[in-house]
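Protein chains in written order, with the working numbering: chain W, 2 to 327; chain A, 2 to 327; chain R, 7 to 362; chain Z, 7 to 362. All C-beta atoms in this analysis are idealised placements derived from N, C-alpha and C, irrespective of residue type, glycine included.
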Amino acid sequence: MPELTYREAVRDALSQAMRGDDRIFMMGEDIAEMGGSMGVTTGMVAEFGSERIRNTPISEIAIVGAGIGAAIQGMLPVVEIMYEDFLTISMEQLVNQAAKHRTMSGGQIKVPLTVRTQGGAGWSPGAQHAQQLESWFVHVPGLKVVFASTPEDVRGLLWSSIYDPNPVIFFEHRTLYPIKGEVPDEIVPIPLGKARVHLEGTDVTVIATGRLVHESLRAAEEAEQDGISVEVVDPRTLSPLDSETLIASVRKTTRCVTAHEAVVQGGFGAELAAVIQHGAFDYLDAPIERVGAQFAPLAFAPVMENFCVPHAANVLAAIHRTLARA
Amino acid sequence: MPELTYREAVRDALSQAMRGDDRIFMMGEDIAEMGGSMGVTTGMVAEFGSERIRNTPISEIAIVGAGIGAAIQGMLPVVEIMYEDFLTISMEQLVNQAAKHRTMSGGQIKVPLTVRTQGGAGWSPGAQHAQQLESWFVHVPGLKVVFASTPEDVRGLLWSSIYDPNPVIFFEHRTLYPIKGEVPDEIVPIPLGKARVHLEGTDVTVIATGRLVHESLRAAEEAEQDGISVEVVDPRTLSPLDSETLIASVRKTTRCVTAHEAVVQGGFGAELAAVIQHGAFDYLDAPIERVGAQFAPLAFAPVMENFCVPHAANVLAAIHRTLARA
Amino acid sequence: MAPVAQVPATDSGEKSRASAGTLSDKRLRELFREMLLIRRFEEKVEERFRAGDLPGFLHVAIGQEAVASGVCEALEPDDVIASTHRAHAHTIAKGTPVNAIMAEMYGKNEGCSQGYGGSMHLYDVARGNMGANAVVGGGLPQIAGAALAFKLRKEPRVAVAFFGDGATNTGAFHESMNLAQLWKLPVLFVLENNGWAESTPATQQLPLAVEEMGQRAAAYGMTAMEVDGQDLEAVVEATRSARDHAVSGLGPVFMNVRTYRFTGHYVGDPQVYRDKSEVRQLRETQDPLELLRARLGMTGEEFERIDADVMAEVDGSVAFAQAGTDPDPQDALKWVYAEGSMEHGSKEPLSTEPRA
Amino acid sequence: MAPVAQVPATDSGEKSRASAGTLSDKRLRELFREMLLIRRFEEKVEERFRAGDLPGFLHVAIGQEAVASGVCEALEPDDVIASTHRAHAHTIAKGTPVNAIMAEMYGKNEGCSQGYGGSMHLYDVARGNMGANAVVGGGLPQIAGAALAFKLRKEPRVAVAFFGDGATNTGAFHESMNLAQLWKLPVLFVLENNGWAESTPATQQLPLAVEEMGQRAAAYGMTAMEVDGQDLEAVVEATRSARDHAVSGLGPVFMNVRTYRFTGHYVGDPQVYRDKSEVRQLRETQDPLELLRARLGMTGEEFERIDADVMAEVDGSVAFAQAGTDPDPQDALKWVYAEGSMEHGSKEPLSTEPRA
Ligand SMILES: Cc1ncc(C[n+]2csc(CCOP(=O)(O)OP(=O)(O)O)c2C)c(N)n1
Ligand SMILES: Cc1ncc(C[n+]2csc(CCOP(=O)(O)OP(=O)(O)O)c2C)c(N)n1
Ligand SMILES: [Mg+2]
Ligand SMILES: [Mg+2]
């Protein structure tokens, strides 16, 4: 099996899809010569030309809106919002337009649009370039929400997102781009709405997304040294949610920790906690612990940033808290 | 005690504050001669003049942004976003600017801005004029979030919001404007962050916001006829949350239902459920039940709209579900 | 046919005037009938709303009929439009039968949006109506995107955005205009400039006078046209020119179409913000139906005949709607997501055969 | 002093040129020193970043120094600015000591934002710096709001928004320009027009040529000025005129300031998107420091003396920053909310005594 970085895996999905399908094109700021701010699309304009790899003005309303319009007219646009912090500017088009056209039209319209974006802390960008905002979109009927954590997943899920007939908000994590992982020779589409069990365990389930999947696997390793068996599950698709897999896991382990980089209050972990406490009520031996960022705009100074965002140690501490209960 | 409608109570808070404080002014679409789309500010331009009651262009970015700038420069602006659905357009200014200036500047800046808005279903406006989006803002450190359900509360909370040194997103509910209620002779500021127990009970706690407070009180009445004693609590301030009062209530009753008009998935009820299961884990006799709208963009036809949004009957059914557990 | 104003848009553009004869007398009478159908339909909507029949939030375009009919007359069937909260006229002019629209108002399965949309969300995708939008400015970037799809596939189609003067103050307007001009997309930006945004007059929301609104195109170097929106023929001719311009790859056109809103902003609006006499005078001097009728030298008799025919159609639409079926409550969940996959490997090349 | 161009903004505006003598030789030498300080400071920032000292995301304005220094020279101490991701120059020019800025880069308590902001979020509210913004266009509406506060209180102050050509494509730009002109707010919109948005040249993001960007003001009927941003005196004179215009109630002014970015977009940018020779040529012919030095007939000796002085200040700032104290990790939570209440009943009337 070949090994790809997460960055290469994204590019591979985009390129392979574009090679075989003229409906696909990309729009975003600096995605052409520069290859995007994260180098994800490097080389693509050379292969596909500037009609299909389109640099745009700084117009996050129009980038998403034009994607919607083209999608309605039969294209499969993949648009890039350089940092997910700037999704704030596109909210109206995403929430009132992309998500609602199908229902408002009584089923006349499909919006097969993919909105790729990335974000996350760990490099001191300050408060406006490091948010994790995925939970907002989980609250929006009509959108699908994907957050991939490995090269294999990001490739297979992006492929499925491009070909999903619905608008998909596709989150990548900045610090994951360089990580490497094995991928199948051929792209294997990963169906949206299916969680992945990264590690099987019996004492506690950690449900984690994005960067926190890796932190949780690290925490699980450490926990194992204390004789604690941790199951790590990544929902991968946040909406629709594979609650079945998650609930089954917690019914088995009887304890649950949720972990994401976004702030805890109002985060995706809240939805997870609500779903799990409902579906596994009779099985739970401890309250569900939520791990996430502190409730503060992210400070610049590395010591403060580091304190704000969660790491393996925070996940481990939460694991221990759940196990401290009788 | 005088009786005011919810609409009059909002106007009274605004007018009394403006009379005694030159820092306060209002901006919004059609708030002058027309009195706003809901008639809340009727007559105010006559009293305060068009410099202080400012009609704006349809520019939700600039309305909020100008409010922030004026607030930083010592004013106490109250801006109105006609329908909360259009907060989608202001998200960048609300989330990346208003909420973050204070932290990003290391405490140099205060943003005493109040953003009033309203929304809600029940009159067939279709999918773009009826959302309830409060849960997004609960996820944003630096913002306060208020959602008042009675004339007394709306008056006292709006007063406190105007004078709060932080940006406050103040939600009103369209269908509540005509409801009447007693208010104190003088405005009594209600501190942000304090829940209100509307009804004491012993069997189950219903935590409800906005219109659903009234639906829950109705459900409680019906439940009483079956011998069920319901406690109804309205957090009123969603962030910061009075988790102490809520947890104490559920520890007493051992059962909990959350109720809001917003869609369930990713809604404020998720945060409530996460907080309650954590704080009252050993006391809970049944899973927390969440009541909210169906997961769909709101359809226009009254029969479908009515099916989508929750009513007293849905709260009652949830109460019964929690009580059906041993 | 008046050529498209190639003057820099910073100029006030060229006043398009119909040259006699480009629209046959017969066609003009058909368009008169369509405009009257719009008028009577909207009057009926007002009546039914006041009677308590219609739920929701309604806006009529009485006074603006010539804009909808004139623009759509100049379009090809494959061209697409995006409409606004004031959507009935555009939808009728783009060809949707009034039965389907009235049924939509009543929230019936037979409605053009199957009862999911209502007055502010009329759709008819098969007829090129990409939907009315209740968010001011909301449809504009999507029209740019539709035009981009046409351009990428080399289809000779245009995408048309209707919007009001108030909408020109939105960020969405700006970004859409900019992108469309930058990429020379085949878009017509049709400003229905009625001088009001709800209760707010132009003077309180626009730093330009209504007649200067062509300047909004100057910021992009976009071609602008001045159009008399009460004159059906002028609108048709201007739109034809604009369409020719856009479809031939020269880029989008901004049409400053001056018009008047005879009624309140919404059905039920007491209009505390303007003088009753203003409206009365407008109705007397600026009614696009009266102006066209005069131009056609239509007799009272002919008018009565057409009107009776139109009224029958409108009444029929009410009967059709009332006889319609209500959706099942649970149908609310039916269209949230599309099923299946778009399937890799489109056979359709980027430049398809022209569809026109 | 050049009068503000009262020509309709649709015209390309008037080229402001310093008339000799309005800035004393002494003052020009002080400003030269300031510009050199900016240059050396930013070179040091680049160096420290490459050495791995500085965390985060940095953008320098090398080549654009005359804009920052020229604009701020024409302002009164009570005037306010909002800056961008490219914030060092504006912040220095508005009076913040380099020690505080360098300490901010190092994330120290002694930083101008106490280590909470970093390079893209420099603040100095006491000196009228309302903050740099890492969201392109983000500060513009707030500058309109600040100006509104001044206007409501009848204070003779202006609010100044710095932004790039890329920012003119945002909805926030449009809505802010529109509101400012509509309400005749005392705002200066200072476009630092360097012809690039990251890797995207003007031709790929703007439907207007860089020299036509004054047209962006035409959409609002706003007064526009053309300014040579490499000529310090021209910038000062233009800004003084613009300030006079704005502060006297005539409304905002849009300044199309032509300038050049000599470096990459961000520190570390390999600039795959442009020719190295382009940059070399710019540095040779368009360096605002060299142009001012020639104008002043500055000897090599004098230059060396100033440079040594400036370098000492910059080196001192690094030492100051390195000796600074780190925040406590938990301090991250310190400023999320302000405590207390704004207290009803302001003594301050809407029109205060002028503060200037
Ligand atoms: C973004 C947004 N803001 C506010 C509104 C409320 N609103 C509906 S129509 C309207 C006025 C629109 O004016 P204009 O664009 O001139 O269209 P007209 O009503 O004159 O046809 C307003 C403010 C809205 N629907 N969307
Ligand atoms: C809303 C938004 N979109 C994208 C970015 C990423 N970004 C940062 S700077 C920049 C280019 C800005 O160009 P311009 O406004 O001309 O300023 P310059 O960098 O030339 O000084 C971009 C795209 C951002 N910070 N904010
Ligand atoms: Mg209008
Ligand atoms: Mg630039």
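Neighbour flag for residue i against chain W, beta carbons, 8 angstroms
i      : result
Z/H127 : yes
Z/V342 : yes
R/N184 : yes
Z/Q210 : yes
Z/P335 : yes
A/T210 : no
Z/A109 : no
Residue i at chain Z interface by Cβ criterion, 8 angstroms
i      : result
R/H251 : no
A/H199 : no
R/G27  : Its pLDDT being 48, under 50, R/G27 is placed unreliably by the model, and the measurement read from it follows with that caveat. R/G27 does not count as touching chain Z.
A/D204 : no
A/D23  : yes
A/N307 : no
A/T104 : yes
W/G127 : yes
W/Q17  : no
CA nearest to the CA of residue i, picked from the options
i      : options                           : result
A/I54  : A/G70, A/G75 and A/R24            : A/R24
R/A99  : R/L43, R/T245, R/K114 and R/A240  : R/L43
Z/R299 : Z/I87, Z/V86, Z/H96 and Z/F38     : Z/F38
A/V198 : A/S244, A/Q119, A/Y164 and A/V139 : A/S244
Z/R286 : Z/G69, Z/E36, Z/F63 and Z/L64     : Z/G69
Residues that residue i bridges to, as DSSP identifies them
i      : result
W/E290 : W/V258
Z/W202 : Z/P207
Z/N262 : Z/L197 and Z/E232
W/T338 : As shown, chain W starts at 2 and ends at 327. That puts residue 338 of chain W outside it, with no answer to give.
W/V146 : W/I170 and W/S240
A/M27  : A/I54 and A/V79
Below-8 angstroms beta-carbon distance, residue i vs any chain A residue
i      : result
R/E116 : no
R/A67  : no
is_contact[residue i, chain R] using C-beta, thresh 8 angstroms
i      : result
Z/H350 : no
Z/Q221 : yes
A/P179 : no
W/I54  : no
A/I59  : yes
Z/L4   : Any property of residue 4 of chain Z remains undetermined from this structure, which presents chain Z solely from 7 to 362.
Within 7 angstroms of chain W by C-beta, residues of the stretch 136-147 of chain A in sequence order:
Of all residues in the stretch 136-147 of chain A, those with a C-beta nearer than 7 angstroms to a C-beta of chain W are S136, W137, V139, H140, P142 and G143, reading in chain order.
*Start-end ranges of the beta strand (DSSP E) lying completely within the stretch 169-208 of chain A, minimum 3 residues*: You should have 169-174, 181-183 and 197-200.
Beta carbons nearer than 7 angstroms to chain Z: which residues of the stretch 74-102 of chain A have them?
Residues passing the 7 angstroms Cβ filter: Q74, G75, M76, L77, E93, Q94, N97, Q98 and H102.
Going along the chain, which residues of the stretch 156-185 of chain R sit with their C-beta nearer than 7 angstroms to a C-beta in chain A?
Contact annotation: in the stretch 156-185 of chain R, residues whose CB is within less than 7 angstroms of a CB in chain A are G172, A173, N175, T176 and G177.
**Prompt:** Along the stretch 253-283 of chain W, what residues have a CB closer than 7 angstroms to any CB found in chain Z?
**Reply:** Close to chain Z, meaning a Cβ-Cβ distance shorter than 7 angstroms, is no residue of the stretch 253-283 of chain W at all.
What are the residues of the stretch 119-144 of chain Z that lie near chain W, defined by any Cβ-Cβ distance shorter than 9 angstroms? S119, Q120, G121, Y122, G123, G124, S125, M126, H127, N139, A140, V141, V142, G143 and G144: these are the residues of the stretch 119-144 of chain Z whose beta carbon lies less than 9 angstroms from some beta carbon of chain W, given in chain order.
### Query
If contact means a Cβ-Cβ distance below 7 angstroms, which residues of the stretch 110-122 of chain A contact chain Z?
Correct list: I110, K111 and P113.
Practice task
Taking only runs that begin and end inside the stretch 68-106 of chain R, name each unbroken beta strand (DSSP E) of 3 or more residues, in chain order.
Solution key: Fully enclosed beta strand (DSSP E) runs of 3 or longer: 86-89.
Listed in chain order, which residues of the stretch 293-316 of chain Z have Cβ atoms closer than 8 angstroms to some Cβ of chain A?
Result list empty, no residue passes.
To be precise: take each residue of the stretch 220-250 of chain R, compare its Cβ to all Cβ atoms of chain Z, and keep it if any distance is under 9 angstroms. Which residues remain? Within the stretch 220-250 of chain R, Q221, R222, A223, A224, A225, Y226, G227 and M228 place their CB atoms closer than 9 angstroms to a CB of chain Z, listed in sequence order.
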